[in-house]
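>
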Amino acid sequence: MQTPFRLPLLTALILATTAAYSADTPVKGGTLIYLEQQAHTNLYPPAGGFYPNGGILNQITDKLTWQNPQTLAVEPWVAESWITNADKTEYTFTIRPGITFSDGTPLDANAVAKNFDTYGLGNKAQRLPVSEVINNYDHSEVVDPLTVKFFFKKSSPGFLQGTATIGSGLVSLSTLKRNFEELGDARHIIGSGPFVVKDEKLGREVTLEARKDYQWGPKNLAQQGPANLDGIKFIVTQEDSVRIGALLAGQADLIRQVQAYDEKQATDQGYHIYAAPTRGVNDSISFRPDNPLVADVRVRQALLHATNAKQVVDTLFSPNYPQAKSVIAGSAAGFVDLSDKLTFDAAKANALLDDAGWKAGSDGIRTKDGQRLALSVKAGDAGSRTLDNLDPLKTPLTVSEVGRADPDVVKSMFYPANRDALLQKGGSSDKVKSFRDDKLNELLVNISAEVDPQKRLQLTGDAQRYLLDNAYVIPIFEEPQVFAGAPWLKGVNFEAVGRPSFYGAWIEKH
267 MQTPFRLPLL TALILATTAA YSADTPVKGG TLIYLEQQAH TNLYPPAGGF YPNGGILNQI
327 TDKLTWQNPQ TLAVEPWVAE SWITNADKTE YTFTIRPGIT FSDGTPLDAN AVAKNFDTYG
387 LGNKAQRLPV SEVINNYDHS EVVDPLTVKF FFKKSSPGFL QGTATIGSGL VSLSTLKRNF
447 EELGDARHII GSGPFVVKDE KLGREVTLEA RKDYQWGPKN LAQQGPANLD GIKFIVTQED
507 SVRIGALLAG QADLIRQVQA YDEKQATDQG YHIYAAPTRG VNDSISFRPD NPLVADVRVR
567 QALLHATNAK QVVDTLFSPN YPQAKSVIAG SAAGFVDLSD KLTFDAAKAN ALLDDAGWKA
627 GSDGIRTKDG QRLALSVKAG DAGSRTLDNL DPLKTPLTVS EVGRADPDVV KSMFYPANRD
687 ALLQKGGSSD KVKSFRDDKL NELLVNISAE VDPQKRLQLT GDAQRYLLDN AYVIPIFEEP
747 QVFAGAPWLK GVNFEAVGRP SFYGAWIEKH
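Reading the sequence shown from the start, the letters are residues 267 to 776 in this note's numbering.
#1: What separation, rounded to the nearest whole angstrom, lies between the Cα atoms of V324 and G459?
#2: Would you kindly work out how many angstroms separate the C-alpha atoms of K415 and Y357, rounded to a whole number?
#3: I think I713 touches P673, with their Cβ atoms under 8 Å apart; what is that distance to the nearest whole Å?
#4: Name, in chain order, the residues that DSSP records as bridge partners for F461.
#5: Can you confirm whether the segment 289-308 touches the segment 430-439 when touching is taken to mean that 3 or more C-beta pairs between the two stretches lie within less than 8 Å?
#6: What residue range is occupied by the uninterrupted beta strand (DSSP E) comprising N548?
#7: How would you call F418, buried or exposed, if buried means at least 16 neighbouring beta carbons within 10 angstroms?
#8: For the pair the segment 340-348 and the segment 533-546, tell me if three or more CB-CB distances fall below 8 Å.
#9: Whole-angstrom Cβ separation of N548 and A590, contact assumed at under 8 Å?
#10: By the 10 Å Cβ neighbour count, where 16 or more other Cβ atoms means buried, how is L426 classified, buried or exposed?
#11: If the criterion is Cβ atoms closer than 8 Å, does the pair F701 and P585 meet it?
#12: Near D777, which residues of its chain fall below 8 Å by C-beta distance, leaving aside the five closest residues on each side in sequence?
#13: Does the segment 665-683 touch the segment 598-616, meaning 3 or more C-beta pairs lie closer than 8 Å?
#14: Please determine, among N616, R477, R362, the residue with the shortest C-alpha to C-alpha distance to R632.
#15: Please name the residue or residues paired with F610 in a DSSP beta bridge.
#16: Assign Y403 to one of three DSSP states: helix, strand, or coil.
#17: Excluding the 5 residues flanking G764 on each side, which residues of the same chain have their C-beta closer than 6 Å to its C-beta?
#18: Rounded to a whole number of angstroms, what is the C-alpha to C-alpha distance between K485 and K691?
#19: In this structure, what does DSSP give as the bridge partners for Q589?
#20: Just to confirm my understanding: we take G626, look at its own chain, exclude 5 residues before and 5 after, and list those with CB closer than 6 Å. What are they?
#21: So does the segment 486-499 actually touch the segment 347-361, counting three or more Cβ pairs closer than 8 Å?
#22: For I326, report the span of its alpha helix (DSSP H) as first-last.
#23: Can you tell which of Y540, N308, V524 has the C-alpha that lies nearest to the C-alpha of F583?
#24: Does the distance from the CB of V665 to the CB of L619 come in under 8 Å?
#25: If you run the structure through DSSP and keep just helix, strand and coil, what is P270?
#26: Look at D369 and V717 and say whether their C-beta atoms are less than 8 Å apart.
#27: Please return the same chain residues whose Cβ sits closer than 6 Å to the Cβ of F610, not counting the five positions on each side in sequence.
#28: Below 6 Å CB to CB, which residues in the same chain sit around R470 once its five sequence neighbours on both sides are set aside?
#29: Tell me where the alpha helix (DSSP H) around T307 begins and ends.
#30: Could you have a look at Y287 and say whether DSSP puts it in helix, strand or coil?
#31: So, helix, strand or coil for A598, using DSSP?
#32: In this structure, how does DSSP classify I510 when only helix, strand and coil are distinguished?
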């Protein structure tokens, strides 16, 4: 048996706690040079899950609430308080007075209502999609200038945490009037954050400058006034070796996407490696059961047990990439250790394939009814790769991962109306529309609607077991997002799933 798939090196972030605000006295001034591997694509906040998008949005937008990256508690920010009814179908938020967007318009109850009506319902005319972190949304009601109430069609216990995520960054009414395509231009995003967009060279650079009148950091942070930095320059630098080389030569202050093999040379020279857990669905291989090669659960189980995840992690990565023990990370809400279902067992894999009727060929690749059991993740240019990825006949498996510090993250990854990793909707192929797992979908919906916190975590465990019992996914490692920073850069922080925050950062004179 041969399974020639390539697992991309999806690097990411790890212990944010090591980057908590320093006890040193902040220095005012200076521009942080930040090297990013990829250009941002779109800054509509629900598109902020893509790290280059989120890295910018996290500096220019504020959220209704703040999720403490150490405790994961949801704390006040733009909202100074909130209440909810018992079945979590109504949430009422009291907005902090005096907050404005950078265009001078008020961030009041009306603006918050318009933001969440857009994120919760989408806008087809402007091609603005629904946010994956909001479930069962119905409508908003402006109670008074600083009080807004949200109503849901059924229980939505994940909504409060959803208001703290990158996808819920608050933008001005003028921004919400733009079409999706216009929001690829960073200059069109008007937020209330500590930085504003000064300039952009499309696909190459984004320059931010500090907002001098900013006075509303998250309530539980000591810092409330303007950022320490004068500005931030994001420079797209695709080559890994160029990013690490520029950092070590003193030409950059922080870089994202540090390859595991570059970590040691950075730390050996006194540079810091930052990493924070994304606390969501692990980096995994997800199958598309509409593809006849992997339609049989025995084949999927065989491939799961034929995958030596430990060897993959030990060979390609550093200790910052823990081997997966379940579908979601060990630091994720509702994690259950299911290592016993993820054993590497070649004998078991071969027995399962024998049982499923796949016979070893002369070249070592198994065949059945004239078909070879050879699977690949499609390569090619970005456009054709994206299209092929939506066709289960062309792409029998894909790499999947999503970060969010809430049990709803499992629904985000696998539910047909969300990311639909298993392509239950049939994808783009008109030849297959048969696979659908209603039991899985019911589990995912129940997670998003269960009000009792303990039962919600139990359902999250049930979903993890079900996904592995059916071998829909092969978890490989817990997703990190690894950054390297210069020793003179202080006070860098990370939100709960690892996007950098430069609000409290400063550059020490060197």
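Where a beta carbon is used, it is the ideal one built from N, C-alpha and C, also for glycine.
According to the structure data:
#1: This sequence places Asn at residue 324; Val is not what is there. Rounded to whole angstroms, the separation of the alpha carbons of G459 and N324 is 8 Å.
#2: Their backbone Cα atoms lie some 6 Å apart in a straight line.
#3: With a Cβ gap of about 5 Å, I713 and P673 count as contacting.
#4: Partner(s): A476.
#5: The way I'd put it, the segment 430-439 doesn't touch the segment 289-308; fewer than three beta-carbon pairs between them come closer than 8 Å.
#6: First-last of the beta strand (DSSP E) with N548: 547-553.
#7: With 16 or more Cβ atoms within 10 Å of its Cβ, F418 is classed as buried.
#8: With the cut-off at 8 Å, the segment 340-348 and the segment 533-546 do not touch.
#9: The beta-carbon distance between N548 and A590, rounded to whole angstroms, is 4 Å. This is short enough to meet the 8 Å contact definition.
#10: L426 should be labelled buried.
#11: Taking 8 Å as the Cβ cut-off, F701 and P585 do not qualify as a contacting pair.
#12: Absent from the structure is residue 777, since the part of the chain shown begins at 267 and ends at 776.
#13: Taking 8 Å as the limit for Cβ pairs, the verdict is that the segment 665-683 does touch the segment 598-616.
#14: Checking every option, the nearest Cα to that of R632 belongs to N616.
#15: When beta bridges are read from the DSSP output, F610 appears opposite no residue.
#16: Three-state DSSP puts Y403 in a strand.
#17: Cβ neighbours of G764 beyond the five flanking positions: L279, A542, T544, Q747.
#18: Each residue's Cα considered, the two are about 43 Å apart.
#19: Bridge partners of Q589: F743.
#20: Going by the sequence as given, residue 626 is Ala instead of Gly. Excluding sequence neighbours, A626 sits near R632.
#21: Segments in contact, no.
#22: Under the DSSP assignment, I326 falls in the alpha helix (DSSP H) whose first and last residues are 317-326.
#23: The shortest C-alpha to C-alpha distance from F583 to any of Y540, N308, V524 is the one to V524.
#24: Cβ atoms of V665 and L619: not closer than 8 Å.
#25: Low confidence applies to P270: its pLDDT is 32, below 50, so where it sits in the model is not reliable, and the reading given next is rough at best. The answer is coil: DSSP assigns P270 none of H, G, I, E or B.
#26: No, they are not a contact pair.
#27: Cβ neighbours of F610 beyond the five flanking positions: N574.
#28: In its chain, beyond the 5 residues on either side, V502 have a beta carbon closer than 6 Å to the beta carbon of R470.
#29: Segment: none, T307 is in no alpha helix (DSSP H) and carries neither H nor E.
#30: At Y287 the pLDDT is 39, less than 50, meaning the model places this residue with poor confidence; the figure from the coordinates comes in the next sentence. Coil.
#31: The DSSP-derived three-state label of A598 is coil.
#32: Helix, per DSSP.
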